[in-house]
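In UniProt numbering, the protein residues as written are 1 to 468.
Down below is the structure, laid out as structure tokens.
Written out as structure tokens, the structure reads:
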């Protein structure tokens, strides 16, 4: 209501718009509701959502909306197939996009836009939208003006901040140390694959080829995105107008990439992000400079401690290349099936065991969905496995330090509302479980802490899992 009033709407108009928006939101929720009984681990992967259809078929889905015109305005005339990820929704699209729903849709879009753009529409709007968002998250404080200004700067010009951070705080010695660890962990994977007893020789060769071609990106990029050079700041325009111009240019460049080869040197995150990722489309693993700080990495800590933290994260990202999604991509980042039917059968048996190990585990907010979190659980398990094996090649490995370091990286605070929302929709399991469950699969954990039968962390040997 407050946002609509700031936008010049009367009380009566605002109430009507909210009522219309809620009605449309409910309709949209109903038509995009997923039948949980039909979800499988594979159906949620990129391959499972790959449903190419002709432009004509897509155009004919809607009676009162021209999808073909929209697509061609965005990418130009094309005879390429269109990937329809959610066929169930598109078969019902006429229930959502029609003249009878137009007023409700407009109200929904207006309110969505006001909330989304509130940071650029003055302090009163920002405060009102933040209070609204806090209801869902359970937070009580509103971000300060100064912190919000930094947030917007980071969102828009993150790579400039990242370049500064990387050059100031990430040294060449740290980069070499991490590269050494990463190469060792990749070699662990190669050895495990070569010695694997259930993969065919052809699939082994393809998996090793993928590792050989994996691009390792550590620290920060050598150059800024072209977008920064092309953007022109207008000193006479408002904060909203300048941001809108930036968004338009960013979207334009995104659509210009249609039908172009993947850019393997592209960084999706800036160097000041405490994160890492695996890009299956380019067969790359990326570690921004800011992740290399305590508790994840500290050059003053022991080798065992660093392997237990950043080493396991490196192993985690490598493991994503062979999770239920990454396994569908080849060494060039192309989506194509390179597994034999027999290998796939063995793989599914193992991943089902992983689902069973996690499914139904209790945490704050509810119970874990083993299917939803499978890819990340595979990566956590593989990350600990590979880093632990790599540590064994170093002098005087200390497994107690390794696992204590592993646990330390999953400490967090969250509201009850955040925990409940995460366990329902996040592909990552709750942090306390990510700390404990993977560790239970490795004998070194039992040896280091004297865990024995009857202890709460004990898992029978026949129940312990590794994928590779």
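Ideal Cβ positions, reconstructed from N, Cα and C, are used throughout, including at glycine.
Non-local C-beta neighbours of residue 419 in its own chain, meaning closer than 6 Å and more than five positions away in sequence, comprise 364 and 365, ordered along the chain. Of the other Cβ atoms in all chains shown, fewer than 16 fall within 10 Å of the Cβ of residue 412; this residue is therefore exposed. Rounded to the nearest whole angstrom, the C-alpha separation of residue 468 and residue 254 is 37 Å. For residue 1, no alpha helix (DSSP H) segment is defined, and its DSSP state is neither H nor E. With contacts defined as CB atoms closer than 8 Å, residue 383 and residue 285 fail to qualify as a contacting pair.
In the DSSP assignment, residue 113 falls within the alpha helix (DSSP H) that extends over 102 to 116. Around the C-beta of residue 378, 16 or more other C-beta atoms lie within 10 Å, and the residue is accordingly described as buried.
Residue 309 and residue 357 have their C-alpha atoms spaced approximately 23 Å apart.
Of the candidates 398, 64, 32 and 83, the residue whose Cα lies closest to the Cα of residue 48 is 83. A residue is called buried when at least 16 other Cβ atoms come within 10 angstroms of its Cβ; residue 319 meets this threshold and is buried. A residue is called buried when at least 16 other Cβ atoms come within 10 angstroms of its Cβ; residue 43 does not meet this threshold and is exposed.
In the structure shown, residue 335 falls within a strand segment according to DSSP collapsed to helix, strand and coil. Under a 10 Å Cβ-count criterion, residue 274 is classified as exposed, with fewer than 16 other Cβ atoms of the shown protein chains found around its own Cβ. No Cβ-Cβ contact shorter than 8 Å links residue 291 with residue 224. With 16 or more other Cβ atoms inside 10 Å of its own Cβ, residue 58 counts as buried. Under the three-pair Cβ rule at 8 Å, the region 418 to 432 does not count as touching the region 210 to 217.
The continuous stretches of beta strand (DSSP E) do not include residue 382, which lies in the alpha helix (DSSP H) extending over residues 374 to 391. Taken in chain order, the complete alpha helix (DSSP H) segments of 4 residues or longer contained in the region 266 to 352 are 303 to 306 and 312 to 319.
Taking C-beta separations shorter than 8 Å and ignoring five residues to either side along the sequence, the partners of residue 136 in its chain run 417 and 421, following chain order. Uninterrupted alpha helix (DSSP H) stretches at least 4 residues long and entirely within the region 52 to 109 occur at 55 to 59, 67 to 75, 87 to 90 and 93 to 96, given in chain order. Within the DSSP bridge table, the entry for residue 218 names 287 as partners. Per DSSP, residue 180 is one residue of the alpha helix (DSSP H) stretching across 172 to 194.
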